[in-house]
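Peer 1:
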Amino acid sequence: MADLLGASLSLGWPVFLFLACLLVYFQFSMSDPDKRRRAQFKTFIGMLAAAMAFIAIANYKLNFFGNSRLLPVSLVMITALAFMMGLYFSNMSALFKIGGMMFLVAAGLSGYGNWLPQVEGGFPPPEVKLDFGSMSPQQLADEGEKIIFGGIGQSKVQGAIGKGQCPLCHGFNEGFLSERAPNLFGIPERAKKQLEDPRYHKGKPGDRDTAQKEAFPGAGTAETGQEYIAESHACPSCYVVAGFGVKGTNDKESPMPAIHKPPISLTLGELAAVDTWLYVREGKEAPTFEDITKAYEKFIPEADRPKPQEDKPAAGAGGLLADGSEPLDQIFAKAQCVVCHTIPGIPGAVGTVGPKLVEKTNAPTRIKDPAYKGSAKTVRDYITESVISPSTYVVKPFPDGVMPKVFGQKLSAGALNKIVDYLSQLEEGKVPPKI
Amino acid sequence: MGGLTRKKLWSIVALGAMIGLLLLPTIMLLPTIMSLPALAGGGGAPAAGGPPPDVAKPADAAAGKDAGPKVEKGRDVYYKTEGIVTGAPAPKTADNSQFYPRYNFESRVLLWFANQQHLYYGSFVLAVPIFCMIIEFMGIVSKDRAMAKKYDQLAYDFIKISLTAYSLTAILGGILIFTFLTLYPAFFGYLSSIFRPVMHVYALMFVAESGTIYIYYYGWDKMKEGLLKWIHVSMSVVLNVIGTVLMMLANSWIGFMMSPAGVDEQGRYLGNIWHVIHTALWNPLNVHRILGNMAFGGGVVAAYAAYRFLASKTDEERAHYDWMGYIAMAIGVAFLIPLPFAGYWLMREVYAYRQQMGITLMGGLLAWLFIIQATMIGILFLSSNYYLWQALGRMRGAEKYQRYIKYMVFVLVVGFLIFITPHTIVMTPAELKAMGGQQHPVLGNYGVMSAKNGGINVIITTTVLTFIWYMRGNKLSTVSWAKFGNIFMGVFFACAYVNIIWLAIYGYYIPANVRVGLSVPQVATTLSCLFFMTALNGVMMRGAKQMGPIEWGKISVRSQYALIMLATAFTWMMGLMGYIRSSVRLFWHVNEIMRDNSPWAYTHTTGFAANMISFNVLFFWVTILFVFWLGTLGVKKAPVEAKVPIPGRAPEPAVGH
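Chains as they are written, first to last, in the numbering used here: chain V, 7 to 441; chain E, 12 to 668.
1. Nearest by alpha-carbon distance to Ser140(V): which of Phe295(V), Glu303(V) and Met90(V) is it?
2. Just to confirm before moving on: does the CB-CB distance between Lys169(V) and Glu276(V) stay below 9 angstroms?
3. Quick one: what does DSSP say Ile348(E) is sitting in, helix, strand or coil?
4. Hey, how far is the Cα of Thr371(V) from the Cα of Val30(V)?
5. How many Å lie between Val88(E) and Ser263(E) at the Cα?
6. What did DSSP end up calling Thr384(V) once you bin it into helix, strand or coil?
7. Going along chain E in order, which residues have a C-beta closer than 8 angstroms to the C-beta of Tyr118(V)?
8. How about Pro361(V) and Val401(V): are their beta carbons less than 9 angstroms apart?
9. Taking Cβ-Cβ distances below 7 angstroms as the criterion, which residues of the region 557 to 588 of chain E are in contact with chain V?
10. Leaving out the 5 sequence neighbours to the left and right, which residues in its chain are closer than 7 angstroms to Met551(E) when beta-carbon positions are compared?
11. Ends of the beta strand (DSSP E) at Val601(E)?
12. Roughly how many angstroms separate the alpha carbons of Leu23(V) and Phe637(E), rounded to a whole number?
13. Quick check on Leu432(V): does DSSP put it in helix, strand or coil?
14. Count the other CB atoms within 10 Å of the CB of Lys648(E); is the residue buried (16 or more) or exposed (fewer)?
15. Find the residues of chain E that neighbour Lys103(V), judging by a C-beta separation of less than 7 angstroms, and give them in chain order.
16. For Asn468(E), which residues of its own chain have a beta-carbon under 6 angstroms away from its beta-carbon, when the five flanking residues on both sides are left out?
17. Does DSSP classify Asp71(E) as helix, strand or coil?
18. Give a yes or no on whether 9 angstroms exceeds the smallest Cβ distance from Gln367(E) to chain V.
19. Nearest chain E C-beta to Phe222(V) closer than 9 angstroms, yes or no?
20. For Val88(E), which of helix, strand or coil comes out of DSSP?
21. Would you verify that the beta carbon of Ile370(E) is, or is not, closer than 9 angstroms to some beta carbon of chain V?
22. Looking at the unbroken beta strand (DSSP E) that takes in Gly94(E), where does it start and where does it end?
23. Assuming Lys258(V) contacts Gly249(V) under a Cβ cut-off of 8 angstroms, what Cβ separation, rounded to an integer in Å, is found between them?
24. I need the boundaries of the alpha helix (DSSP H) containing His289(E), first residue and last residue.
25. Counting only beta-carbon separations shorter than 9 angstroms, does Glu126(V) have a partner in chain E?
26. My assumption, with CB atoms under 8 angstroms, is that Tyr399(V) sits in contact with Tyr428(V). Please give the rounded CB distance.
27. Classify Arg596(E) as helix, strand or coil using the three-state DSSP reduction.
28. Out of curiosity, what's the CA-to-CA distance linking Phe499(E) and Ala505(E)?
29. Under 7 angstroms between beta-carbons, which chain E residues line up against Pro261(V)? List them in chain order, please.
30. Quick test of your reading: Leu363(V) and Ile373(V), contact by CB under 8 angstroms. State the CB separation rounded to the nearest angstrom.
31. Does Thr390(V) get closer than 9 angstroms to chain E when you measure Cβ to Cβ?
32. Whole angstroms are fine: how far does the CA of Tyr177(E) sit from the CA of Tyr132(E)?
33. List, in chain order, every chain E residue whose beta-carbon is nearer than 7 angstroms to that of Ala100(V).
34. Under 9 angstroms, CB to CB, which of the residues in the region 290 to 311 of chain E have a partner in chain V?
35. Note down the Cα distance separating Ser118(E) from Leu194(E), rounded to an integer number of angstroms.
36. Quick check on this structure: which residue in Glu365(V), Ala339(V), Glu391(V) and Asn368(V) has the alpha carbon closest to the alpha carbon of Gly357(V)?
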């Protein structure tokens with residue numbers, strides 16, 4: 007609250023000063039006591055409104071990029087001040103009341119948006135080159151889980167999604183209702199049974215009545231369970247599980263895109279990883295990498311196979327220490343802050359090369375230090391400045407030049423934001439917030 | 012005689028100049044169009060970093076490489092046709108100052124702000140001339156001279172407001188381009204390398220638009236009678252054609268970003284500019300935006316009228332601005348009703364283009380934003396109904412409907428609550444565990460699609476009913492079959508409600524994929540009420556006995572706040588839907604072609620988006636209120652025509668009652 011009041015005062019002092027001068031001016035310039043009282047009262051109302059306005063603006067300024075869900079309160083304050091002004095300034099009453107109404111509507115909608123569950127889209131997966139051929143089945147399965155769900159262990163998280171985008175339509179857990187596409191639990195066993203379905207026309211692709219009879223001319227049909235899975239990925243419309251076709255096509259056409267083509271464009275290595283996960287997570291022995299890729303080669307002609315990413319990322323890409331999608335303690339660990347700093351609440355952060363980071367306590371004192379030459383006015387600004395430009399202010403008795411100056415480039419904005427959020431809450435002698 | 016001839020001469024000269032301005036872009040572009048592939052490839056794409064092909068070739072030749080002309084072909088990612096590669100690949104960016112120069116602030120937010128403000132003003136200045144065209148035409152054909160003058164004055168007032176906003180639109184357009192160039196140079200360089208000819212046409216069309224709008228505005232008094240008036244109104248047609256083309260050209264850029272075409276997988280231009288423009292989502296976007304602009308424009312003008320109403324000092328002024336607000340609201344709502352259908356078409360095309368994109372929108376990352384949208388649709392309809400109920404108060408004879416309003420409120424609120432209830436929710440494992448499943452144990456039962464459709468269709472049908480009551484508020488049908496007509500209408504509405512609600516309940520007993528199909532009969536029922544009942548009511552009320560005049564200006568102040576609420580909600584919804592449309596590209600500048608590697612390639616939280624939308628909405632309204640105020644400064648003669656006796660009966664045209 008003190009931060010807020012301080013920020014609002016620093017923003018609005020010229021206005022407050024002007025209104026105070028006006029108050030004094032009315033006191034000495036008006037002889038009619040009634041007129042004077044009215045003018046002074048209106049000026050007082052103006053001061054009250056200005057105070058509310060600047061507190062509202064300061065709230066926005068301080069918390070704009072933070073996780074505060076109370077920003078709409080600012081809009082409510084402006085609504086209140088607009089109606090208050092409308093009451094006392096009759097010549098502009100309509101304008102104030104209209105403005106107040108607009109702020110009220112915006113506050114309501116903004117508040118609603120903040121009240122709803124906060125879903126944030128993570129950072130895109132980094133473009134890295136992997137050698138799937140040399141991985142163990144478990145490593146392959148882990149990569150498969152990342153492709154499907156976006157991370158290891160994410161298969162248990164509802165709504166988790168990765169490059170393959172499979173969970174958009176498929177269910178993966180036993181008993182999970184999957185309306186758009188079949189639930190893939192048990193697919194290693196079920197795949198073999200599907201081959202015997204009369205609609206599948208094993209060995210007789212010409213007899214199929216589906217939108218596409220074969221993955222490509224001469225590809226034929228699957229002979230094994232793994233080949234069935236490969237064919238389903240490469241040519242979803244070659245056989246459509248009953249009830250899951252495009253509406254109105256009588257299950258002759260699948261809504262699923264070919265996974266090796268845009269927009270998903272999984273390489274054979276990635277497809278092998280996905281399939282391996284399907285087996286491993288059920289405790290079943292997965293076919294070898296070679297067997298899986300061979301199954302895919304049967305249904306994807308060489309010209310159509312997406313090439314593994316050959317291009318090296320442009321300068322700087324992929325060089326991030328943390329992209330912001332990691333948990334907070336990992337961000338501190340990846341950026342190696344823990345080596346030099348003591349950070350309450352962060353496991354292993356007991357370094358003494360640099361100062362202890364209790365910034366809610368430290369920052370205000372340092373900003374006021376005559377030796378401070380930076381531009382920060384708030385705790386958050388100070389922390390950001392210290393991370394990006396450590397030499398702007400060096401805490402005594404620690405030497406300058408020890409802390410790297412690359413964090414501005416090596417941390418994503420999301421990661422930096424998380425760091426700043428956390429450090430700005432740390433106070434000396436108080437229990438750190440939970441991470 | 013001499014004066015009139017001179018006026019005619021000047022008008023024809025002005026019209027000629029206008030046509031000349033219109034043809035100018037075409038003439039200037041002829042050589043460009045003739046040599047499109049060469050031009051598009053010739054300059055290369057500066058954003059790609061490498062030298063343009065025509066510069067690189069001699070160097071290659073000198074180095075003893077392939078000296079012969081080598082033609083490389085690529086396959087169009089959307090049309091699947093082959094074309095000669097004539098452009099550079101989309102640049103592969105990285106998070107550094109070369110590709111993403113920045114201030115100590117999130118560049119994406121700055122761009123969001125600049126873009127949204129330009130769009131708000133752009134939408135307004137494109138919508139207002141369409142109103143002017145309609146209203147000026149209504150004035151010309153109106154047989155009542157007093158009403159004709161009122162309409163003419165109204166159209167003039169509109170264009171006057173839009174002229175100030177027009178300058179601001181241009182300024183904001185400049186700011187937007189500078190923001191792109193300075194904060195996203197690689198992306199903008201790539202986009203302009205693809206759209207270079209389109210951007211030039213756009214600029215020239217803007218010149219034509221400016222010329223036409225100035226002639227249209229300044230020629231108003233000179234061309235107010237006879238043939239000249241017809242020439243004047245035809246200029247508004249030309250103005251709107253140019254405006255619509257402008258909007259469609261701008262839409263082609265965002266269409267390309269969402270669903271690129273005319274380039275190969277690397278983003279290399281293949282020489283066919285029509286493919287680049289005519290992407291999968293271009294036409295649905297065009298239709299959706301035209302309707303959206305009109306609804307938005309109606310909202311802005313209604314707010315203007317509400318402001319003037321509240322600030323009015325005389326009964327005449329109040330009457331004039333009450334009437335203006337009513338007309339603007341009617342236009343806005345008239346375009347709001349088809350908007351969901353255009354939105355449905357757009358979403359269908361999105362699903363057809365990329366199913367994943369559709370699911371991200373409706374059932375994934377952005378699904379909560381659609382819950383907000385549903386809430387806003389409900390708010391818009393509730394506000395419209397409230398305004399019309401308040402408007403019944405200015406008609407003698409309309410008291411008989413007042414007692415039914417409480418029942419309508421009940422029906423609307425129940426429909427609204429069902430409409431906004433979510434069914435399948437994206438949630439964390441902890442939330443999933445706490446709730447015991449994907450669906451809420453109680454609310455989950457109400458959120459299925461057919462029930463939601465039932466909710467919104469009940470709301471729209473009730474709005475139609477309110478409108479019909481308003482239309483017959485102070486009238487008594489005199490046709491011989493009036494009693495039968497009333498019974499028929501009552502039964503028709505009752506059957507409509509029964510059908511919609513019955514289908515909503517029936518949806519629980521059938522599989523999800525069949526349930527979706529129930530929306531067709533539900534919507535058909537609502538549309539039947541809208542078209543048949545409104546038409547039937549019109550026939551019944553022809554030559555009806557007037558119980559009393561419409562006393563314009565004698566409406567509650569609360570009604571004006573309903574108009575302001577409508578306008579603000581329109582603006583907010585526009586910002587919300589624009590954000591959703593843009594966010595669905597996730598971490599792509601150009602979907603699947605050019606990846607966003609900036610530090611802001613993630614999607615913001617719902618709360619942050621809501622705060623940002625509110626900021627944009629309020630900034631727009633603060634500035635447009637300033638524009639309104641400027642509009643009142645110019646000419647203090649108004650409302651001269653308002654001195655014409657306030658009509659003792661309703662305006663005749665179709666949009667008004």
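Yeah, the Cβ is synthetic: ideal placement off N, Cα and C, and Gly gets one too.
Peer 2: To lay it out plainly:
1. Residue numbering aside, residue 140(V) sits at position 134 when the first sequence is read from its first letter. Looking at the Cα atoms, Phe295(V) is the closest of the given residues.
2. If you number the first sequence from 1, residue 169(V) lands on position 163. If you number the first sequence from 1, residue 276(V) lands on position 270. Yes. Within cutoff.
3. Against the second sequence, residue 348(E) aligns to sequence position 337. In this structure, Ile348(E) counts as coil in the three-state DSSP scheme.
4. Translated into positions along the first sequence, residue 371(V) becomes position 365. Translated into positions along the first sequence, residue 30(V) becomes position 24. Computed Cα separation, rounded: 35 angstroms.
5. For the purposes of this step, residue 88(E) is taken as residue 77 along the second sequence, with counting starting at 1. For the purposes of this step, residue 263(E) is taken as residue 252 along the second sequence, with counting starting at 1. Going by the C-alpha atoms only, they are around 16 angstroms apart.
6. Your numbering for residue 384(V) matches position 378 in the first sequence. Looking at Thr384(V) - three-state DSSP - the assignment turns out to be coil, as it is neither helix nor strand.
7. Against the first sequence, residue 118(V) aligns to sequence position 112. Contact annotation for Tyr118(V) against chain E: Ile383, Thr386 and Ala621 [CB-CB distance below 8 angstroms, chain order].
8. Against the first sequence, residue 361(V) aligns to sequence position 355. Against the first sequence, residue 401(V) aligns to sequence position 395. Yes, the Cβ-Cβ distance between Pro361(V) and Val401(V) is below 9 angstroms.
9. Residues of the region 557 to 588 of chain E whose Cβ lies closer than 7 angstroms to any Cβ of chain V, in chain order: Tyr572, Ile575, Met576, Thr579, Ala580 and Trp583.
10. As a first step, residue 551(E) must be located in the second sequence, where it is residue number 540. Counting only Cβ-Cβ distances below 7 angstroms, and skipping sequence neighbours, we find Ser488, Val490, Ala493 and Gly496.
11. Position 590 of the second sequence, counted from the first residue, corresponds to residue 601(E). Run containing Val601(E): Trp599 to Val601, per the beta strand (DSSP E) assignment.
12. Position 17 of the first sequence holds residue 23(V). Position 626 of the second sequence holds residue 637(E). Going from the Cα of Leu23(V) to the Cα of Phe637(E) covers about 26 angstroms.
13. As a working note, residue 432(V) is residue 426 in the first sequence. Looking at Leu432(V) - three-state DSSP - the assignment turns out to be coil, as it is neither helix nor strand.
14. Translated into positions along the second sequence, residue 648(E) becomes position 637. Here Lys648(E) scores only 48 on pLDDT, less than 50, and its place in the model should not be relied on; the value that follows carries that caveat. Around the CB of Lys648(E), fewer than 16 other CB atoms lie within 10 Å, so the residue is classed as exposed.
15. What you label residue 103(V) is simply residue 97 of the first sequence in a count that begins at 1. Under the 7 angstroms cutoff, chain E gives Leu321.
16. Along the second sequence, read from residue 1 onward, the residue named residue 468(E) stands at position 457. The residues are Ile511, Gln533 and Thr537.
17. The count along the second sequence starts at 1 and reaches residue 71(E) at position 60. Legend: pLDDT at Asp71(E) = 44, less than 50; position of this residue unreliable, no value from coordinates given.
18. Looking up residue 367(E) in the second sequence gives position 356. Closer than 9 angstroms: yes.
19. Within the first sequence, numbered from 1, the residue matching residue 222(V) stands at position 216. By this cut-off, Phe222(V) is not an interface position.
20. Taking the second sequence and counting its residues from 1, the one referred to as residue 88(E) is at position 77. Look at Val88(E) here: in three-state DSSP terms it is coil, with no helix or strand label.
21. Here residue 370(E) is taken as the residue at index 359 of the second sequence, counted from 1. Closer than 9 angstroms: yes.
22. Counting from one through the second sequence, the residue named residue 94(E) turns up at place 83. Start and end: Glu93 to Ile95.
23. Position 252 of the first sequence, counting from 1, holds the residue named residue 258(V). Position 243 of the first sequence, counting from 1, holds the residue named residue 249(V). Between Gly249(V) and Lys258(V) the Cβ distance is about 13 angstroms, and since that is not below 8 angstroms, they are no contact.
24. Translated into the one-based positions of the second sequence, residue 289(E) becomes position 278. DSSP places His289(E) in no alpha helix (DSSP H); its state is neither H nor E.
25. Looking up residue 126(V) in the first sequence gives position 120. Taking Cβ atoms only, chain E reaches closer than 9 angstroms to Glu126(V), which makes this a yes.
26. Numbered from its first residue, the first sequence carries residue 399(V) at position 393. Numbered from its first residue, the first sequence carries residue 428(V) at position 422. Wrong, their Cβ atoms sit about 20 angstroms apart, outside the cutoff.
27. Taking the first residue of the second sequence as 1, we reach residue 596(E) at position 585. In this structure, Arg596(E) counts as coil in the three-state DSSP scheme.
28. Translated into the one-based positions of the second sequence, residue 499(E) becomes position 488. Translated into the one-based positions of the second sequence, residue 505(E) becomes position 494. C-alpha of Phe499(E) to C-alpha of Ala505(E): approximately 10 angstroms in a straight line.
29. As a first step, residue 261(V) must be located in the first sequence, where it is residue number 255. The answer, in chain order, is Gln366.
30. Along the first sequence, read from residue 1 onward, the residue named residue 363(V) stands at position 357. Along the first sequence, read from residue 1 onward, the residue named residue 373(V) stands at position 367. Contact between Leu363(V) and Ile373(V) fails: their C-beta atoms lie close to 15 angstroms from each other, not under 8 angstroms.
31. As a working note, residue 390(V) is residue 384 in the first sequence. Taking 9 angstroms as the threshold, the shortest C-beta distance from Thr390(V) to chain E falls below it.
32. Against the second sequence, residue 132(E) aligns to sequence position 121. Against the second sequence, residue 177(E) aligns to sequence position 166. Going from the Cα of Tyr132(E) to the Cα of Tyr177(E) covers about 7 angstroms.
33. The residue labelled residue 100(V) in the question sits at position 94 within the first sequence. Tyr318, Leu321 and Ala322, listed in chain order.
34. The region 290 to 311 of chain E vs chain V, Cβ under 9 angstroms: nothing.
35. The residue labelled residue 118(E) in the question sits at position 107 within the second sequence. The residue labelled residue 194(E) in the question sits at position 183 within the second sequence. Approximately 6 angstroms, taken between the alpha carbons.
36. On the first sequence, residue 357(V) is found 351 positions in, with the first residue counted as 1. Looking from the CA of Gly357(V), the closest CA among Glu365(V), Ala339(V), Glu391(V) and Asn368(V) belongs to Ala339(V).
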